[in-house]
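Per our numbering, the very first residue in the sequence shown carries number 5; after that it's consecutive. C-beta atoms are modelled at their ideal positions from N, C-alpha and C, and glycine is treated no differently.
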Amino acid sequence: MVKSIISIIIALALLISGAFIEQHLVKHEFGLFQDILTEMYEKIEKEECNKEDALSVQKWWVKKKESLHIYIPHNDIREIDYWLAETVSLVYTNDFDDALSKVEVLIEICEHIPDTYNLRLENIF
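Here it is, written out as structure tokens:
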């Protein structure tokens, strides 16, 4: 009986600590991504963003999403891929006005995805 209770307590402690680690990691990675996107937004706004800048952001995302697949649903990652590919394409064609709107959406997504990993009652049930 005592061993069962101790095992349950240890399992709960591992689950809770894993959730905190996951929450911190997701917040950190998306915070970095949001900073990169904000920098890209400012360059696009000044019409100084070039193909290499846009491709470097996309390459950074491709590298990061490999590890984020563990935590983030594939649909969310696919959505970011879609918006980022559109942004890169618009920067290629120097359509900076439309590229700005796409980056705004990406920044918004980066703000909301980590919220789904907060330890709150609505995220548990």
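Reference residue i; option with closest CA among the options
i: D139; options: E49, L72 and D119; result: The first residue shown for the chain is 5 and the last is 129, placing residue 139 beyond what the model contains.
i: V107; options: T97, G22, A89 and K67; result: A89
Cβ neighbours of residue i in the same chain (closer than 6 Å, five flanking residues each side left out)
i: K31; result: P118
i: V95; result: C53, A58 and A103
i: T91; result: A103, K106 and V107
Same chain, Cβ closer than 8 Å to residue i, neighbours up to 5 away in sequence not counted
i: I113; result: D80, E83, I84 and W87
First and last residue of the uninterrupted alpha helix (DSSP H) at residue i
i: N122; result: Where N122 is concerned, there is no enclosing alpha helix (DSSP H), given that its DSSP letter is neither H nor E.
Spatial neighbours of residue i in its chain, beta-carbon cut-off 7 Å, leaving aside the 5 residues before and after
i: T42; result: I111
i: L72; result: E33 and I81
Reduced DSSP category for residue i - H, G, I as helix; E, B as strand; rest coil
i: N98; result: coil
i: K43; result: Note that residue 43 corresponds to Glu in the displayed sequence, not to Lys. Helix, per DSSP.
i: N54; result: coil
i: I74; result: coil
Residue i Cβ short of 7 Å to the ligand COA heavy atom set
i: T42; result: Judged by which ligands are present, the structure shown has none, so any question about the ligand COA falls away.
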